[in-house]
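Residue numbers (numbering that gives the first Met the number 0): 0 to 387.
A virtual CB, placed ideally from N, CA and C, is assigned to each residue, including glycine.
None of the values given here were measured: they were computed from a predicted structure.
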Amino acid sequence: MTERTIKKFLFSILLCAGIFAATPVADAEIVKGYAPIENGDIEKARANARRYAMRELVERVVGVKVTGTTEVVNLAVTKDEIVARSEGYVTINRVISEGVQGDVFYSELDLTANADKIRSTEQDLRAKIEIIATDSNNRGRVQVAVVQRDSFGRYGYDNEIGTYVSAKLKILGFDTMINDEVNYYLTQHGSDPDANQQARRIARGYERGDANSLLRGVIATENVRPVGKGLYEAIVNVSFEMIGLDSNEVDAFSRYFKAVGYSEKEAVLNAKEIATGEAVTELAKQTLETVQAEQRGGCTNLKTTIIFDNVINYSAQFAAIKSGLEQAHCKIIRATRPSQTRIALYVSSDFYSSLYELESAVESAIPGIRKGVGFNEELGASKIKFTF
Numbered sequence: 000m001t002e003r004t005i006k007k008f009l010f011s012i013l014l015c016a017g018i019f020a021a022t023p024v025a026d027a028e029i030v031k032g033y034a035p036i037e038n039g040d041i042e043k044a045r046a047n048a049r050r051y052a053m054r055e056l057v058e059r060v061v062g063v064k065v066t067g068t069t070e071v072v073n074l075a076v077t078k079d080e081i082v083a084r085s086e087g088y089v090t091i092n093r094v095i096s097e098g099v100q101g102d103v104f105y106s107e108l109d110l111t112a113n114a115d116k117i118r119s120t121e122q123d124l125r126a127k128i129e130i131i132a133t134d135s136n137n138r139g140r141v142q143v144a145v146v147q148r149d150s151f152g153r154y155g156y157d158n159e160i161g162t163y164v165s166a167k168l169k170i171l172g173f174d175t176m177i178n179d180e181v182n183y184y185l186t187q188h189g190s191d192p193d194a195n196q197q198a199r200r201i202a203r204g205y206e207r208g209d210a211n212s213l214l215r216g217v218i219a220t221e222n223v224r225p226v227g228k229g230l231y232e233a234i235v236n237v238s239f240e241m242i243g244l245d246s247n248e249v250d251a252f253s254r255y256f257k258a259v260g261y262s263e264k265e266a267v268l269n270a271k272e273i274a275t276g277e278a279v280t281e282l283a284k285q286t287l288e289t290v291q292a293e294q295r296g297g298c299t300n301l302k303t304t305i306i307f308d309n310v311i312n313y314s315a316q317f318a319a320i321k322s323g324l325e326q327a328h329c330k331i332i333r334a335t336r337p338s339q340t341r342i343a344l345y346v347s348s349d350f351y352s353s354l355y356e357l358e359s360a361v362e363s364a365i366p367g368i369r370k371g372v373g374f375n376e377e378l379g380a381s382k383i384k385f386t387f
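Shown next as structure tokens:
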């Protein structure tokens with residue numbers, strides 16, 4: 000069990016090119032999930048345990064295979080995006096048993112995965128990654144330096160972590176580069192009180208090309224202990240800062256995360272997976288403002304997906320959308336039609352300083368639309384939603 004879990008762990012990004020080969024719709028499977036009970040919140044632990052079980056089944060359907068090549072790093076991120084939203088791809092046929100086991104809540108579920116939907120989502124995300132990777136007009140370049148600290152206070156660097164964080168930012172539209180000099184500095188002086196300032200100084204002197212920000216991070220294992228029968232709980236702290244290289248702009252994310260596993264090592268790996276994934280996602284929401292602040296005197300380029308719902312007369316409404324986007328100084332990179340009444344457009348613009356300015360301009364330029372509900376219902380980068 001430990002070996003299988005280590006291989007599936009998201010930092011094992013060395014995957015084979017056939018990772019998403021055609022897979023038939025999965026038969027129903029019995030899967031167990033576990034989650035720590037925090038602050039006595041049983042319902043939250045129940046939801047997390049069920050989510051854990053769903054992630055397990057999605058990963059089985061995806062079929063992760065570890066090889067010696069780094070050719071398909073982006074596919075690892077694609078898998079992670081799917082797994083992170085496993086509820087949309089897995090059906091709970093039956094709850095076999097649930098309950099409290101020590102400080103842990105467990106769920107044993109009869110699940111079925113929709114492999115066809117998983118394949119469709121993988122294809123869409125892969126296309127998005129390829130477009131971002133080949134488009135030189137992205138939001139801005141970010142240097143990445145992320146290290147680990149074990150429970151004994153020792154610092155170290157794992158290339159897979161930095162590559163994963165870089166790829167995660169890339170799928171959100173940011174260009175990235177690994178800064179080896181800052182990584183080395185953090186492994187030697189990560190706990191110094193002036194680590195942020197020194198890291199920024201090193202990053203500014205690095206051959207950074209057009210990089211204008213540094214993501215500096217530490218993933219620290221705080222504690223591991225036995226809980227329940229044959230289970231261990233790990234507590235991990237993730238502390239990331241997005242530091243402007245030419246200004247005093249700093250965005251920060253710091254939080255503790257718990258996870259369980261069948262061994263101490265597995266528990267730590269699971270906690271790091273949860274912590275890093277959420278930290279990158281949350282910090283990326285703040286990153287755009289920092290990147291924009293660094294582009295003083297240059298060109299600020301925004302990219303986002305704009306969703307238009309309630310499209311009844313496709314020809315006429317799409318023509319109005321195209322015309323309005325041109326007036327709003329937006330370039331259409333890709334257009335899709337997820338359903339009969341929905342249009343999704345991936346656009347870019349160098350005319351605005353924030354997504355909110357862009358949203359307001361588009362709303363004013365297209366007759367008959369109003370703001371929709373929610374930004375992050377779909378996969379991928381931040382989205383703006385409108386409806387006719």
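DSSP places N195 in the uninterrupted alpha helix (DSSP H) bounded by A194 to G204. Taking C-beta atoms as the reference points, A46 and I36 fail to come closer than 7 Å. Residue environment: T303 is assigned as buried (16 or more neighbouring CB atoms within 10 Å of its CB, all protein chains considered). In this structure, S347 is the residue among N312, S347, N309 and R59 with its C-alpha nearest to the C-alpha of E325.
Counting the other Cβ atoms within 10 Å of the Cβ of Y313 gives fewer than 16, which makes it exposed. A residue is called buried when at least 16 other Cβ atoms come within 10 angstroms of its Cβ; K382 meets this threshold and is buried.
For V361, the uninterrupted alpha helix (DSSP H) segment begins and ends at L354 to A364.
Remark: C-beta atoms of D308 and G371 approach each other more closely than 7 Å. Of the candidates Q197, I95 and V30, the residue whose Cα lies closest to the Cα of A144 is Q197.
Closest by C-alpha distance to I368, out of D349, L185, I311 and V99, is I311. Pairing V235 with F256 gives a Cβ-Cβ distance under 7 Å.
Annotation for S253: no alpha helix (DSSP H) segment contains it, though the beta strand (DSSP E) segment containing it runs V249 to G260. The C-beta distance from S212 to V141 rounds to 5 Å, short enough to fall under 8 Å. Between the stretch 335-343 and the stretch 266-286, the count of C-beta pairs closer than 8 Å stays below three; the two stretches do not touch.
L110 is bridged by DSSP to E28 and I91.
Taking the CA atoms as reference points, E121 sits about 43 Å from P192. For secondary structure counted as the beta strand (DSSP E) over 3 or more consecutive residues, the stretch 328-356 holds these complete runs in sequence order: 330-338 and 341-348. With a contact defined as Cβ atoms closer than 8 Å, V57 and I117 qualify at about 7 Å. Judged by DSSP secondary structure, N182 falls within the alpha helix (DSSP H) whose first and last residues are D179 to H188.
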